[in-house]
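Novice: First residue of the sequence shown: 59, per the numbering used here; consecutive thereafter.
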Amino acid sequence: MQQQVYEAQEYATEGMAADAHLHLDLFEDPEATVKAAREAGVGILVSAGSNYESNKKNAKIAHGGIYAVVGIDPEFALTEDAGVLEKLEDIITNNSNIIGIGEIGLDYKKAVDDLQRNRQKMFFERQLEIAQKMDLPVVVHSRNSFDDVIEIIRSYKVRVMFHYFEGGKDDAALAEKFGIISVPPFDSKKRRAAIKAVGIGSIVAETDSPVVGKTPSDVFKSIAIIAAARGISYEEAIARTTENLRNFFRI
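This is how it looks when you write it as structure tokens:
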């Protein structure tokens, strides 16, 4: 039944919004979440893994127009065995709807000392190597660590989506040199300044639901923020952010 629901809803996704980053595996009923999202006008959803178990769940969810990125995020890099990194390529190879590595990166709120930060860096670098080898984009989580994230990604040829971008206009302009920024459903002067600092082709919208947004339909809040910051229509913001997502992930 799940396959039928996804495929039936996929048929009518053209012209709809896209949620660039959420965690479908954390919803009690991913199938119902997808169905409700499609009914609300969200046509594309990219579900992100965080540890090995969630990667396996997202790999199963990713079908019928639902996409996934898989990776070990910086919080779980502190507890996961490094051996799980060798299994990422197998997960990706066995599912054509896995379209990137993520979410990965550095989180210095979670890493409390140099030992933990170095472990996060090791996981980050190993996964960037995989992404470069497989020619896949990466979805980067950066908290209190933007300078180190930039320093590391300079050494790799990868396309980067800066998930839940929290930097100001200068950070946004720098981030654009490596890829795109993703806007969550929370407005602020700083966020609008960041949106204005990059080209319209370098912006996507996300919910990070259910962690931040409640459901994928909260992506319309993100889109409204983008439209207001750029001085464009709501409809154009939907069209451009969806197009940007497709171009970035090559879907």
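The C-beta atom is built at its ideal place from N, Cα and C for all residues, glycine as well.
Report the partner residues of Asp77 according to the DSSP bridge assignment.
Specialist: In the sequence shown, the residue the question calls residue 77 occupies position 19. In the DSSP output, where bridge partners are listed per residue, Asp77 has Leu103.
Novice: What would DSSP say about Tyr110, mapped onto helix, strand or coil?
Specialist: Here the question's residue 110 lines up with position 52 in the sequence shown. Note: Tyr110 maps to helix in three-state DSSP.
Novice: So, does the region 180 to 193 touch the region 222 to 229, judging by three or more C-beta pairs under 8 angstroms?
Specialist: Flag = no, the region 180 to 193 and the region 222 to 229 do not touch.
Novice: When you compare each of Ala287, Arg298, Glu147 to Ile130 by their alpha carbons, which one comes out closest?
Specialist: Within the sequence shown, numbered from 1, the residue matching residue 130 stands at position 72. Considering only alpha carbons, the answer is Glu147.
Novice: Within a Cβ cutoff of 6 angstroms, which residues of the same chain sit near Glu65, ignoring the five residues on either side of it in sequence?
Specialist: On the sequence shown, residue 65 is found 7 positions in, with the first residue counted as 1. Its pLDDT being 49, under 50, Glu65 is placed unreliably by the model, and the measurement read from it follows with that caveat. Excluding residues within five positions, the ones whose Cβ falls inside 6 angstroms are Gly122.
Novice: Does the count of Cβ pairs from the region 154 to 174 and the region 95 to 102 closer than 8 angstroms reach three?
Specialist: Because the criterion of three Cβ pairs below 8 angstroms is not met, the region 154 to 174 and the region 95 to 102 do not touch.
Novice: Is it true that the CB of Phe134 sits closer than 7 angstroms to the CB of Asn113?
Specialist: Here residue 113 refers to the residue found at position 55 when the sequence shown is read from its first residue. Here residue 134 refers to the residue found at position 76 when the sequence shown is read from its first residue. No. Outside cutoff.
Novice: Give me whichever residues DSSP pairs with Arg298 in a beta bridge.
Specialist: Reading the sequence shown from its first residue, position 240 is the one you call residue 298. Beta-bridge pairing links Arg298 to no other residue.
Novice: Report all residues from its chain with a CB closer than 6 angstroms to the CB of Gly237; omit the five preceding and five following residues, and keep chain order.
Specialist: On the sequence shown, residue 237 is found 179 positions in, with the first residue counted as 1. Closer than 6 angstroms at Cβ, skipping near neighbours: Arg217, Val218, Met219.
Novice: According to DSSP, simplified to helix, strand and coil, what is Gln67?
Specialist: Counting from 1 along the sequence shown, the entry for residue 67 is found at position 9. Here Gln67 scores only 43 on pLDDT, less than 50, and its place in the model should not be relied on; the value that follows carries that caveat. Residue state, collapsed to three classes: helix.
Novice: Determine the direct distance from the alpha carbon of Ile239 to that of Asn153, and round the result to whole angstroms.
Specialist: The residue you call residue 153 lines up with position 95 of the sequence shown. The residue you call residue 239 lines up with position 181 of the sequence shown. Cα to Cα, the separation comes out at about 26 angstroms.
Novice: Ile309: buried (16+ other C-beta within 10 angstroms of its C-beta) or exposed?
Specialist: Within the sequence shown, the letter at position 251 stands for residue 309. Exposed.
Novice: Write down every uninterrupted run of the alpha helix (DSSP H) in the region 123 to 166 whose length is 4 residues or greater and which is fully enclosed by it, in chain order.
Specialist: Counting only runs of 4 or more, we get 132 to 135, 143 to 151.
Novice: Would Ile281 pass as a contact of Ala295 if the rule is Cβ separation under 7 angstroms?
Specialist: Sequence index remark: in the sequence shown, residue 281 carries index 223 (1-based). Sequence index remark: in the sequence shown, residue 295 carries index 237 (1-based). It is a contact, given that the beta carbons lie within the stated cut-off.
Novice: Let me know if Gly107 comes out buried or exposed under the rule of 16 or more other beta-carbons within 10 Å of its beta-carbon.
Specialist: For the purposes of this step, residue 107 is identified with residue 49 of the sequence shown, where counting begins at 1. Looking at its Cβ environment, which holds 16 or more other Cβ atoms inside 10 Å, Gly107 is buried.
Novice: Three or more C-beta pairs under 8 angstroms: does that hold for the region 270 to 280 against the region 250 to 257?
Specialist: Touching, no.
Novice: For Gly237, which of helix, strand or coil comes out of DSSP?
Specialist: For this step, residue 237 is matched to residue 179 along the sequence shown. Correct three-state label for Gly237: strand.
Novice: With distances taken between CB atoms, is the gap from Ala285 to Tyr292 smaller than 7 angstroms?
Specialist: Here residue 285 refers to the residue found at position 227 of the sequence shown. Here residue 292 refers to the residue found at position 234 of the sequence shown. In this structure, Tyr292 lies closer than 7 angstroms to Ala285 by Cβ.
Novice: Just how far apart, CA to CA, sit Ile157 and Ser246?
Specialist: Residue mapping note: residue 157 aligns to position 99 of the sequence shown, counting from 1. Residue mapping note: residue 246 aligns to position 188 of the sequence shown, counting from 1. Spanning the two alpha carbons is a distance of roughly 30 angstroms.
Novice: Threshold first: 3 residues or longer. Then list the beta strand (DSSP E) segments lying entirely within the region 239 to 284, N to C.
Specialist: Listed in chain order, the complete beta strand (DSSP E) runs (minimum 3 residues) inside the region 239 to 284 are 261 to 263.
Novice: Along the alpha helix (DSSP H) that carries Val92, what are the first and last residues, could you check?
Specialist: On the sequence shown, position 34 is the one that residue 92 refers to. Element bounds for Val92: 88 to 98.
Novice: Between the C-alpha atoms of Thr151 and Val196, what's the straight-line distance to the nearest angstrom?
Specialist: As a working note, residue 151 is residue 93 in the sequence shown. As a working note, residue 196 is residue 138 in the sequence shown. Distance between the alpha carbons of Thr151 and Val196 is about 16 angstroms.
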